[in-house]
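Using the UniProt record's numbering, read the sequence shown as starting at 1 and increasing by one per residue.
All C-beta atoms, glycine included, are put in the ideal place defined by N, C-alpha and C.
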Amino acid sequence: MREQGADEARLKLIALAGQHPKDAVVAYQTAWAHDAAGLEAEAAPFYEQALIGEGLSTEDRHGVFVGLGSTYRVLGRYAESLKTLRRGLDEFPDDAALKTFLAMALYNVGEAREATGTLLKVLAATSGDGGVQRYRRAVEYYAEHLDDVE
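The structure is reproduced here in structure tokens:
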């Protein structure tokens, strides 16, 4: 029953997006409904529309960058994923979610060092684990010096 309701809502959102092509909020909700249903390829154009439309809150704009960047990555569109996530980080430079998805996309393009360094920085900055916090300075240092040996 829930699936049927979600599919019905998704179809109504598609119609609404067609009636209001410049409404970024409607585009974002339509993208999210597709994404949540595992329909990433169908979600991407709505995310794209949301970024150029009007009316997004700062929180929703952030969500669009995460959603579109992640969707591109899942679809194997790695260059677009990296570009989108970096654009998001230009607007939200300290955002851990964007950095985390960026690290995944970096891994996918063979940039393991940068991906690992990015994740280590996120871990050091956001972890509540006492052990991680005890060694935070070392983790932050080695995030930039993974290949250094003595």
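With 16 or more other Cβ atoms inside 10 Å of its own Cβ, Ala27 counts as buried. Among the bridge pairs identified by DSSP, Asp23 is matched with Glu54.
Residues of the same chain with a CB within less than 7 Å of the CB of Ala50, apart from the 5 flanking positions on each side, are Ala24, Ala27, Tyr28, Ala31, Leu56 and Val64 in chain order. When the alpha-carbon of Ala36 is set against those of Asp7, Asp60, Gly53 and Lys83, the nearest one is in Asp7. Excluding five sequence positions before and after Glu42, the CB atoms of its chain that fall closer than 8 Å to its own CB belong to His34, given in chain order.
In chain order, Leu123, Ala124 and Val139 place their CB closer than 8 Å to the CB of Val132, counting only its own chain and leaving out the 5 sequence neighbours on each side. Going by DSSP, Ser81 is part of the alpha helix (DSSP H) stretching over Tyr78 to Glu91. Between Ala105 and Lys121, the C-beta spacing is not below 7 Å. Taking C-beta atoms as the reference points, Leu85 and Phe101 count as a pair closer than 7 Å.
DSSP, reduced to helix, strand and coil, places Val74 within a helical segment of the structure shown. Separation of Tyr72 and Asp60 (C-alpha to C-alpha, rounded to the nearest whole angstrom) is 18 Å.
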